[in-house]
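Q:
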Amino acid sequence: MDASVPRYDRIVSMVLLVLLGMAVVFLVDINPNIIRAQLGGDLPVITVSWVILAAIVILTSMGADLFTRDHPQIHARPLWLLNLRFTVVELAPGFWILPAFSVITSFTFFRLFNSGLQMLAFVLALIATGVLLLASLVAQHYSMDRQPEIRQVALMVLQGLALLMAFGLFSAIYYAHMRTLYAAVLVGSSGALLAYAQLQWSQVRTNLGLLSLMVGFVLVQALWALNYWSAPFLLGGAMLLVIFYVITGMLQIALSESKSRRGYWEYAVIGGLLIFTIIIAVV
Numbered sequence: 000m001d002a003s004v005p006r007y008d009r010i011v012s013m014v015l016l017v018l019l020g021m022a023v024v025f026l027v028d029i030n031p032n033i034i035r036a037q038l039g040g041d042l043p044v045i046t047v048s049w050v051i052l053a054a055i056v057i058l059t060s061m062g063a064d065l066f067t068r069d070h071p072q073i074h075a076r077p078l079w080l081l082n083l084r085f086t087v088v089e090l091a092p093g094f095w096i097l098p099a100f101s102v103i104t105s106f107t108f109f110r111l112f113n114s115g116l117q118m119l120a121f122v123l124a125l126i127a128t129g130v131l132l133l134a135s136l137v138a139q140h141y142s143m144d145r146q147p148e149i150r151q152v153a154l155m156v157l158q159g160l161a162l163l164m165a166f167g168l169f170s171a172i173y174y175a176h177m178r179t180l181y182a183a184v185l186v187g188s189s190g191a192l193l194a195y196a197q198l199q200w201s202q203v204r205t206n207l208g209l210l211s212l213m214v215g216f217v218l219v220q221a222l223w224a225l226n227y228w229s230a231p232f233l234l235g236g237a238m239l240l241v242i243f244y245v246i247t248g249m250l251q252i253a254l255s256e257s258k259s260r261r262g263y264w265e266y267a268v269i270g271g272l273l274i275f276t277i278i279i280a281v282v
């Protein structure tokens with residue numbers, strides 16, 4: 000098989016396996032007699048479905064890693080080396096993020112609509128999981144293609160997927176109204192990981208981890224301010240998304256070889272207009 004073409008047989012098989020696992024999660028989640036663990040405070044109730052979901056996320060990350068390391072161009076990128084004494088394992092954790100968040104985002108976001116949409120919410124969650132996971136795996140494959148045109152389109156798709164997942168996660172966290180400390184950990188960690196998923200494609204790859212943490216820290220500060228703003232959860236998630244979009248976009252410009260001031264102004268103007276629109280919508 001042509002190395003430039005993804006192994007769709009393996010990818011589709013994995014997507015179907017994940018969807019089967021997600022269906023089990025939803026069936027378990029709607030069972031009123033399911034075992035539940037209340038951790039106290041305003042933390043969400045932990046059920047068996049969360050444990051199954053964690054296993055699905057791990058499985059998805061492992062599958063994404065295997066698909067990535069099968070690509071002939073992967074060794075042109077720096078890989079993490081895990082020394083197990085008896086062997087050394089190459090890992091590509093940057094390629095785990097979007098596939099894993101495809102599952103997490105779909106579950107957490109559409110779960111908010113259980114009471115209103117009921118079974119339709121589960122169906123939408125399954126569709127969203129399949130589409131996001133398939134798109135992220137295929138786009139990650141083509142993001143390492145030798146042809147710049149194909150690579151550029153794939154990177155645009157990955158950026159769009161990251162923004163969709165960020166909106167879903169931020170909205171779900173904002174909806175939960177957890178204590179600031181808990182919400183800050185979730186927003187900061189998810190924002191940092193999604194930022195790293197985008198910044199890893201930059202031409203300059205220095206201090207990417209530190210820059211990603213900085214994005215998460217800024218989002219935490221924004222969340223603290225938003226806690227004093229009574230806005231619908233979708234608009235609260237949209238506000239965090241705009242901040243995330245502007246910061247990661249400016250960082251991508253800063254890490255490119257051609258640093259154009261025009262790009263900074265474009266992000267600043269677009270971000271300002273979007274924030275103004277959200278504020279007007281709330282008022």
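Count the sequence shown with numbering that gives the first Met the number 0 and you get residues 0 to 282, in order.
Glycine residues also receive a C-beta, built at the ideal position from the N, C-alpha and C atoms.
What do you reckon, are the CB atoms on Q139 and T67 nearer than 8 Å?
A: Here residue 139 is taken as the residue at index 140 of the sequence shown, counted from 1. Here residue 67 is taken as the residue at index 68 of the sequence shown, counted from 1. Note that the C-beta distance between Q139 and T67 is below 8 Å.
Q: Can you round the beta-carbon distance between L160 and L131 to whole angstroms, since I take them to be within the 8 Å contact cut?
A: If you number the sequence shown from 1, residue 160 lands on position 161. If you number the sequence shown from 1, residue 131 lands on position 132. Between L131 and L160 the Cβ distance is about 6 Å, and since that is below 8 Å, they are a contact.
Q: With a CB to CB cut of under 7 Å and the five nearest residues on each side skipped, what residues in its chain are close to S22?
A: Sequence index remark: in the sequence shown, residue 22 carries index 23 (1-based). It is Ala, not Ser, that sits at residue 22 in the sequence shown. Counting only Cβ-Cβ distances below 7 Å, and skipping sequence neighbours, we find L125.
Q: Check whether the Cβ atoms of V56 and V27 lie closer than 8 Å to each other.
A: As a working note, residue 56 is residue 57 in the sequence shown. As a working note, residue 27 is residue 28 in the sequence shown. No; because the gap between Cβ atoms is not below 8 Å, this pair is not in contact.
Q: Using a 10 Å radius around the Cβ and a threshold of 16 neighbouring Cβ atoms, would you call F94 buried or exposed?
A: Position 95 of the sequence shown, counted from the first residue, corresponds to residue 94. Classification for F94: buried.
Q: From this set, Y174, M177, V122, which residue's C-alpha is nearest S105's C-alpha?
A: Taking the first residue of the sequence shown as 1, we reach residue 105 at position 106. For S105, the nearest C-alpha among the options comes from V122.
Q: Between the beta-carbon of F232 and the beta-carbon of G190, is there less than 8 Å?
A: Reading the sequence shown from its first residue, position 233 is the one you call residue 232. Reading the sequence shown from its first residue, position 191 is the one you call residue 190. The criterion of a C-beta distance shorter than 8 Å is not satisfied by F232 and G190.
Q: Taking the beta carbon of I279 as the centre, do at least 16 other beta carbons fall within 10 Å, making it buried, or is it exposed?
A: The residue labelled residue 279 in the question sits at position 280 within the sequence shown. Flag for I279 reads exposed.
Q: Counting only the same chain and skipping the five closest in sequence on each side, list residues whose C-beta sits under 7 Å from that of H70.
A: Position 71 of the sequence shown, counted from the start, is the residue given in the question as residue 70. Correct list, in chain order: H140, M143.
Q: Where are the alpha helix (DSSP H) runs, 4 residues long or more, that stay fully inside the segment 81-137, in chain order?
A: The DSSP assignment places 96-109, 113-116 as complete runs of the alpha helix (DSSP H) inside the segment 81-137, in order along the chain (cut-off: 4 residues).
Q: First and last residue of the alpha helix (DSSP H) that includes I172?
A: Stepping through the sequence shown from its first residue, residue 172 is reached at position 173. 147-175 is the extent of the alpha helix (DSSP H) around I172.
Q: Counting beta carbon pairs with one atom in the segment 265-272 and one in the segment 202-210, are three or more of them shorter than 8 Å?
A: no
Q: In this structure, does DSSP put T205 in helix, strand or coil?
A: The sequence position of residue 205 within the sequence shown is 206, counting from 1. Of the three classes helix, strand and coil, the one that applies to T205 here is coil, per DSSP.
Q: So, G187 versus F216, is the Cβ gap smaller than 8 Å?
A: Residue 187 sits at position 188 when you count from the first residue of the sequence shown. Residue 216 sits at position 217 when you count from the first residue of the sequence shown. Yes, these two residues count as a Cβ contact at 8 Å.
Q: Starting from T59, follow its DSSP beta bridges and name the residues at the other end.
A: Taking the sequence shown and counting its residues from 1, the one referred to as residue 59 is at position 60. Paired residues: none, contrary to the question.
Q: Start and end of the alpha helix (DSSP H) containing Q197?
A: Taking the sequence shown and counting its residues from 1, the one referred to as residue 197 is at position 198. Q197 -> alpha helix (DSSP H) spans 179-198.
Q: Can you list, in chain order, the residues of its chain whose CB lies under 6 Å from that of G236, leaving out five sequence neighbours each side?
A: Here residue 236 corresponds to residue number 237 of the sequence shown, with the count starting at 1. Cβ contact annotation for G236 (same chain, cutoff 6 Å, sequence separation greater than five): F166, F169, S170, Y173, in chain order.
Q: What's the gap between the Cα of S201 and the Cα of L254?
A: Taking the sequence shown and counting its residues from 1, one reaches residue 201 at position 202. Taking the sequence shown and counting its residues from 1, one reaches residue 254 at position 255. If I take the Cα positions, the gap works out to 6 Å.
Q: Could you give the DSSP three-state label for L52: helix, strand or coil?
A: The residue given as residue 52 occupies position 53 in the sequence shown. The answer is helix: DSSP assigns L52 an H, G or I state.
Q: Considering Cα atoms alone, identify which of A175, E256, Y7, A196 is closest to A300.
A: As shown, the chain starts at 0 and ends at 282. That puts residue 300 outside it, with no answer to give.
Q: Quick one: Cα of L222 to Cα of L239, how far?
A: In the sequence shown, residue 222 corresponds to position 223, counting from 1. In the sequence shown, residue 239 corresponds to position 240, counting from 1. Cα-Cα distance, rounded: 7 Å.
Q: Select from M249, A196, I274 the residue whose C-alpha is nearest the C-alpha of L225.
A: Working through the sequence shown from its first residue, we reach residue 225 at position 226. Comparing Cα positions, the closest option is I274.
Q: Would you tell me roughly how many angstroms separate the C-alpha atoms of V4 and L136, rounded to the nearest one?
A: Numbered from its first residue, the sequence shown carries residue 4 at position 5. Numbered from its first residue, the sequence shown carries residue 136 at position 137. Going by the C-alpha atoms only, they are around 12 Å apart.
Q: When the Cα atoms are used, what is the spatial distance from L16 to F109?
A: Residue mapping note: residue 16 aligns to position 17 of the sequence shown, counting from 1. Residue mapping note: residue 109 aligns to position 110 of the sequence shown, counting from 1. Their backbone Cα atoms lie some 20 Å apart in a straight line.
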